[in-house]
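Line by line, the protein sequences give chains A and B. In terms of this note's numbering, the first sequence is numbered consecutively and its last residue is 262. In terms of this note's numbering, the second sequence is numbered consecutively and its last residue is 498. Glycine residues also receive a C-beta, built at the ideal position from the N, C-alpha and C atoms.
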Amino acid sequence: MAEIGKIVLDSDWLAVRSTEVQLNGTQLTTTHPPTGPNSPWMPAAVPGTVLGTLVKSNVVPDPFYGLNNEAILDIAVSGREYYTFWFFTTFEHKLSRNQHLELNFRAINYSAEVYLNGHQMVLPKGMFRRHSLDVTSLLNPGGRNLLAVLVHPPEHPGSIPSEGGQGGDHEIGKDVATQYVEGWDWMAPIRDRNTGIWDEVSIYVTGPVKIIDPHLASTFFDNYKRVYLHATTELQNKGTLVAECDVTIQATLDTKESFCLV
Amino acid sequence: EHLQTIHVSIPAGKTIQYTFPEIFFYKPELWWPNGMGKQTMYNVSIAVDVKGYGESDSWSQPYGFRKITSHIDSKTGGRLFKVNDQPIFIRGGNWILSDGLLRLSRRRYEADIKFHAGMNLNMIRCWGGALAERPEFYHYCDIYGLLVWQEFWITGDVDGRGDPISNPDGPLDHELFLLCARDTVKLLRNHPSLALWVGGNEQVPPPDINNALKNELQLHPHFMEFDEIGTSTQYL
């Protein structure tokens, strides 16, 4: 039985500019996966941005040294396709009966298409939202799973006036994304507008019932002598039968001696 | 006394929202900002066992008991904060992000935030033109006692001002903005360092967004305090 919980996918990612491969996502995750960091594929920064990946692989210089940023093509000049990238990795996992596996992206800028073992899923736009995909039925019975993600830049990357200025031509404000990336009085423009899988990617194993977004709050009375902890959570039954559950909540305080007060 | 197990039935394929009976604490250790006391945190864990299966899922989160109140002072126009009913003189740092290529790491966050605490600051303001900061950022603010003023993604320079004049109506897709805001609140709301949500930088968001944020972030009456004349005072 696979262990319940999270495994972060933060290593062994590859990346390539989408225009440099002629394969689609189904082919990349079935018959024609990349074999390693062989050109045009390169080691990827995940979590991170496309520009971070290009810097990591020495394709472009680090923009934060000297005037290096001037040597990097801006998305307004190159077009969005130039910073549209494939990211690829593999993971192994075998589930037991009644177990479920979710593929989680804590944030992507700006939208993406996900392919797992040949199956396509579309991640809608928005830089500050989590995506959670139940991929239980898509897992490879052999245990090795091929994952490819095509990441698209913001829809309105804008252009940078020659004199610079706060937020460039302001186009980025049309998207729900960071706005400093068109440049500010303290910052040069970020050439890829922070396109990428910029926050944690993970897989998460549960049984039939999953805990979603618990909320903790407290109330105070009698000069903090009486305090109440209030907790609410969503519980999702992914199974096909009624789930009879024992739900336990516990609050402990670790003392210096590593004892827990219960 | 700080352990409860409840039986719950969940229909097949359904999601329910469940509220536990409140858990009583007598004189718990409180969480204080940097310079006012310890940053005590309890570990709160939730686990679900399914009959015929066993442990199905578990979750845990360090949690600090603290009450943060703030209001605009009518004489100075400034915002005054209290933590656990004690006035606090805010010494804040302005934060954009840790790295422009979003090479965000726990190690870097810890160093940056520990440095803020070492400078005797007690608040970090996350500017609306950059990120809703990540849980790792908040984790270290919890540990080092930095209150966080978190802005949503609106700036005057991109939404209403600038040359040429920018669109004052915020992003094109207001529903998407609110969806992202709701999800961000759910991601960060349990951190004791989270002190204040702000609509944006130097700008009021478009009315529909602003009203939705104010409405959805207002406290449940259960969590409001009332003064002697019956006027409610909100706190997070």
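Review point. Do you know offhand how far T248(A)'s Cα is from W293(B)'s?
Key: 24 Å
**Study point:** M42(A) - partner residues in DSSP beta bridges
**Key:** A15(A)
**Study point:** For R80(A), the nearest candidate out of T35(A), L139(A), Y110(A) and N117(A) (CA to CA)
**Key:** Y110(A)
Review point. Would you report the Cα separation of G362(B) and W184(A), rounded to the nearest angstrom?
Key: Annotation: G362(B) to W184(A) spans about 12 Å, alpha carbon to alpha carbon.
Review point. Is the region 400 to 410 of chain B touching the region 379 to 388 of chain B, taking contact as three or more C-beta pairs under 8 Å?
Key: yes
Review point. How about D10(A): is its C-beta nearer than 7 Å to some C-beta of chain B?
Key: no
Exercise for review: Compare the C-alpha of T302(B) against each of G339(B), F327(B) and H484(B) and name the closest.
Suggested key: F327(B)
Check your understanding: When the Cβ atoms of the region 171 to 190 of chain A are set against those of the region 425 to 443 of chain B, are three or more pairs found closer than 8 Å?
Key -> Cβ pair count under 8 Å is three or more, so yes.
**Study point:** Three-state secondary structure assigned by DSSP to S137(A)
**Key:** DSSP, read as helix, strand or coil, puts S137(A) in helix.
Review point. Taking the alpha-carbon positions, what's the E478(B) to E102(A) distance?
Key: 28 Å
Exercise for review: Using 10 angstroms around the beta-carbon of Q348(B), count the other beta-carbons present and answer buried if the total reaches 16, otherwise exposed.
Suggested key: exposed
Point to revise | Where L147(A) sits in the DSSP three-state scheme | key: In this structure, L147(A) counts as strand in the three-state DSSP scheme.
Check your understanding: Is Q301(B) close to chain A, meaning its C-beta is less than 7 Å from at least one C-beta of that chain?
Key -> no
Practice item. Return the bridge partner residues of M381(B) from the DSSP annotation. Key: DSSP output for M381(B) lists no bridge partner at all.
Review point. Of all Cβ atoms in chain B, is any one closer than 7 Å to the Cβ of I249(A)?
Key: yes
Exercise for review: Give, in chain order, every residue of the region 227 to 242 of chain A whose Cβ lies closer than 8 Å to some Cβ of chain B.
Suggested key: Within the region 227 to 242 of chain A, the residues whose Cβ lies closer than 8 Å to some Cβ of chain B are V227, Y228, L229, H230, A231, T232, T233, E234, L235, Q236, N237, K238, G239, T240, L241 and V242, listed in chain order.
Point to revise | Runs of beta strand (DSSP E) wholly within the region 39 to 125 of chain A (minimum 3 residues, chain order) | key: The beta strand (DSSP E) runs lying completely inside the region 39 to 125 of chain A and spanning 3 residues or more are 85 to 92, 100 to 105, 111 to 116 and 119 to 123, given in chain order.
Check your understanding: Residues bridged to R387(B) by DSSP?
Key -> N356(B) and W411(B)
Point to revise | M42(A) versus P454(B) - alpha carbon distance | key: 40 Å
Check your understanding: Are any of the Cβ atoms in chain A nearer than 7 Å to that of A274(B)?
Key -> yes
Practice item. Check the Cβ of E244(A) against every Cβ in chain B and list those closer than 9 Å, keeping chain order. Key: Close to E244(A), with beta-carbon spacing below 9 Å, are these residues of chain B in chain order: H269, V270, S271, I272, V312, K313 and G314.
Review point. In chain B, what lies closer than 7 Å to D199(A) by C-beta?
Key: R396
Check your understanding: Are the C-beta atoms of K344(B) and some chain C residue less than 7 Å apart?
Key -> Going by chain labels, chain C is absent from the structure shown, which instead holds the protein chains A and B.
Check your understanding: F64(A) versus chain B: which residues are under 9 Å apart at the beta carbon?
Key -> D361, G362 and L363
Check your understanding: Taking the C-alpha atoms as reference points, what is the distance between W113(A) and H100(A)?
Key -> Contrary to the premise, residue 113(A) reads as Glu rather than Trp in this sequence. Cα-Cα distance, rounded: 22 Å.
Review point. Would the region 156 to 173 of chain A and the region 50 to 60 of chain A be scored as touching if the rule is three or more Cβ pairs under 8 Å?
Key: no
Exercise for review: Select from the region 207 to 224 of chain A all residues with a C-beta closer than 9 Å to any C-beta belonging to chain B, and list them in chain order.
Suggested key: Residues of the region 207 to 224 of chain A with a Cβ closer than 9 Å to any Cβ of chain B, in chain order: G207, P208, V209, K210, I211, I212, D213, P214, H215, L216, A217, S218, T219, F220, N223 and Y224.
Practice item. Compare the beta carbon distance of H119(A) and L133(A) with 7 Å and say whether it is the shorter of the two. Key: no
Check your understanding: Can a CB atom of chain A be found closer than 7 Å to the CB of L265(B)?
Key -> With 7 Å as the cut-off, L265(B) counts as an interface residue toward chain A.
Review point. At a CB-CB cut-off below 7 Å, which residues of chain B make contact with Y180(A)?
Key: The answer, in chain order, is I358, G391 and A392.
Check your understanding: Measuring CB to CB, does K6(A) end up less than 7 Å from S202(A)?
Key -> In contact: K6(A) and S202(A) (Cβ atoms closer than 7 Å).
Review point. Once you ignore the five residues that flank L498(B) on each side, which residues in its own chain have a CB closer than 6 Å to its CB?
Key: With a pLDDT of 39 at L498(B), under the threshold of 50, the modelled position of this residue cannot be trusted; read the value that follows with caution. Counting only Cβ-Cβ distances below 6 Å, and skipping sequence neighbours, we find I330.
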